[in-house]
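If you read the protein sequences in the order shown, they are chains A and B.
Residue numbers for the first sequence follow the working numbering, beginning at 1 and rising by one.
Residue numbers for the second sequence follow the working numbering, beginning at 1 and rising by one.
C-beta: ideal position from N, C-alpha, C; glycine also.
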Amino acid sequence: MLMNCREYRNSLMEWARGNPPAPEVVSHLEECPPCARFLDEQRALSAALASLAAEPLPPAEQFQARVMAEFGKVQPARRPVLRWVLAGALAASVILGAVWSNRSVPAPAPVAEEEPGFLPIPYTVPLSPQERATVWRMEIPVARLRAVGYRVQVSDPGAVVEADVLVGQDGRAHAIRPLTISSSN
Amino acid sequence: MFERHMAESEPRSDRDLVDRFRQGDREAFAALYHRYFLSVYRFASYMTNDRPRAAEITQDVFIWLAGHAAQFDATRGDLGAFLGGVARKFVHRQQRHDQRWLPLEEAAGRPGDSADFAGALERQQEAAGLRKAIAALPVRYREAVVLCDLEGRSYEEAAAALGCVVGTVRSRLFRARALLARKFQGNRERQKCL
C-alpha cells in the first residue's frame with residue numbers, strides 16, 4: 001500500500017456506496033492494486049447489504065393482536081359520556097376537598113425529570129417511576145448538546161455549559177439542567 | 001430515523017393520531033402501528049439477528065408508546081425518530097440482559113456438506129453469513145451500518161438518532177464496513193473452496 005492510500009480509503013468506501021469519487025481518487029486507483037482490491041471488496045459488500053435490505057419482512061398483522069390487546073389495557077376505549085361523568089366527579093371531589101380540608105397536604109415527591117429546570121434529552125426513553133437516578137454535575141460542550149438535539153442559542157460554538165445531568169440506573173443520561181455557560185475564549 | 005410505510009387515502013399527521021389514541025381511539029393507534037411497524041421491526045431485526053426477538057422488541061416498542069405517548073413532542077422531530085430512539089433503547093436493554101455477543105470467528109458462515117451449491121442457496125448462505133457478521137460487530141459500529149447502509153439514512157439523520165456528530169458516524173461506518181468486508185470476503189472464498 002502506498003503512503004497515501006489511507007487518505008483515499010474513505011473516498012473509495014463512499015464510491016462503493018454510490019457516491020461518485022473525485023478525479024484524483026480514480027487516478028490513484030489505476031496505480032494502486034491494494035486500493036483497487038479494497039474497492040472491489042467494498043462494492044461486493046454494498047451489493048450484499050442491498051440484497052439484505054431487500055429481504056421480505058413479516059406483515060404487520062402478524063403481531064398486531066398482542067399490541068392492540070395491550071393497548072386496550074393501557075388506553076380504555078373512548079366513551080365521551082363516561083369521560084364527562086368522571087371529569088365531573090373529579091371536579092366535585094377537588095371542590096369538596098378544598099372546602100372541607102384546611103390542612104396543607106405535602107405533595108408527593110416529584111419524579112426527577114419533572115424537577116424545575118431539567119430538560120429531557122430528546123428521544124431517550126424516560127426514567128420509569130420506580131427507577132433511581134443520580135445527578136452528576138459536569139461541563140458539556142455546546143456542540144455536544146446540539147448533536148443530541150438541544151437548541152442552544154450561543155454565538156460561540158466552542159462554549160461549554162456547566163449542567164446537572166440526570167443519570168438513570170442503566171448509566172445513561174436522561175435529562176439535563178443547564179446552570180452556567182462559559183465561552184471558549 | 002424511521003420512515004412511514006403505509007400510504008393512506010387521507011393521511012393524518014402523527015401528532016393528530018397520537019392525540020386521538022391518547023383519548024382511547026384504537027383505530028388511530030392501529031394506523032400508527034401500521035405506519036411504523038416495518039421500520040421498527042427491520043431495525044430490531046438487523047440489530048439482534050434474531051427475528052423472534054426482533055418481533056418481541058417491536059411489540060414492546062408499540063406497547064410502550066401506548067402508555068407513554070405524552071413523551072412524544074412533535075416540535076422536536078417526527079414520530080419515526082422518536083420510535084427509533086425507543087427501539088434503540090429496547091435493543092440495548094435486551095443485549096445487556098443477554099450478552100449474546102458473537103465473536104467474529106463464530107460469525108463466519110458454516111461450510112455446507114455439498115459441493116454443488118445452487119446459486120440461490122449460495123446467496124442465502126452469503127446473506128446468513130453477512131447477518132451474523134453484522135450481529136458480531138460492536139454495537140456502535142452495528143448501529144452505523146444498520147442506519148446508513150440498511151435503513152438508508154443520511155449521515156445527518158444517523159448522527160441525530162445516535163446522539164453524536166456526523167464525523168463520528170462516518171468513522172464508525174468506515175470501521176464497520178472494513179470489518180464486514182474482511183469477513184464477507186473470507187466467507188465467499190471459503191464457499192468457493194467447497
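Residues in the same chain with beta-carbon distance under 8 Å from A/L12, minus the five sequence neighbours each way, listed in chain order, please. P21, V25, L29, C35, F38, L39 and Q42
In chain A, which residues lie less than 7 Å from B/G67 when you measure between Cβ atoms? V74
Are the segment 64–76 of chain B and the segment 154–169 of chain B touching, with three or more C-beta to C-beta distances below 8 Å? no
Does chain B have any CB closer than 9 Å to the CB of A/P21? For A/P21, no Cβ of chain B is located within less than 9 Å of the residue's own Cβ.
Proximal chain B residues relative to A/M138, where beta-carbon distance stays under 8 Å: Correct list: empty, because the minimum Cβ distance to chain B is about 16 Å.
Under 9 Å, Cβ to Cβ, is there at least one residue of chain A near B/R182? yes
With distance defined between alpha-carbon atoms, name the residue in A/E55, A/C5 and A/A173 nearest to A/V148. A/A173 is the residue among A/E55, A/C5 and A/A173 whose C-alpha sits nearest the C-alpha of A/V148.
Should A/A188 and B/F82 be called a contact, given that it needs their Cβ atoms to be closer than 9 Å? Here chain A covers residues 1 to 185 and nothing more, so residue 188 of chain A does not appear.
How would you list, in chain order, the residues of chain E whose beta-carbon sits under 7 Å from the beta-carbon of B/Q59? In the structure shown, chain E cannot be found, because the protein chains are A and B.
Within the same chain, show all residues whose beta-carbon is closer than 8 Å to that of A/T180, passing over the 5 residues directly before and after it, in chain order. V161 and E162
Answer with buried or exposed for B/T48, where buried requires no fewer than 16 other C-beta atoms within 10 angstroms of its C-beta. buried
Can you tell me the Cα-Cα spacing of B/A181 and A/I176, whole angstroms? 40 Å
So, is A/W15 buried or exposed, given that buried needs 16 or more other C-beta atoms within 10 angstroms? buried
Mapping DSSP to helix, strand and coil, what is A/E70? helix
Over what stretch of residues does the beta strand (DSSP E) that includes A/V135 continue unbroken? Per DSSP, A/V135 belongs to the beta strand (DSSP E) from T134 to P141.
DSSP on A/D164, reduced to helix/strand/coil? strand
Given a cut-off of 9 Å on the beta-carbon distance, is the pair A/V165 and A/W136 in contact? yes
Minimum C-alpha distance to A/A53 - residue among B/D60, B/L137, B/V86 and B/V145: B/V145
Using the C-alpha atoms, what's the distance from A/A69 back to B/C93? Strictly speaking, residue 93 of chain B in this sequence is Arg, with Cys absent from that position. Each residue's Cα considered, the two are about 24 Å apart.
Any idea which residues DSSP pairs B/L38 with across the strands? B/L38 is not bridged to any residue.
Quick check on the DSSP output: the alpha helix (DSSP H) that includes B/L162 runs from which residue to which? Y155 to L162
Taking its Cβ as the centre, do 16 or more other Cβ atoms sit within 10 Å of B/T58, making it buried, or is it exposed? buried
With a CB to CB cut of under 6 Å and the five nearest residues on each side skipped, what residues in its chain are close to B/R177? none
Determine, for A/L29, whether the minimum Cβ-Cβ distance to residues of chain B falls below 9 Å. no
For B/Y33 and A/A159, what's the separation of their Cα atoms in angstroms? 41 Å
Per DSSP, A/S182 forms a beta bridge with which residues? A/V160
Please list the partners that A/A53 has in chain B, where partner means a Cβ-to-Cβ separation under 7 Å. L150
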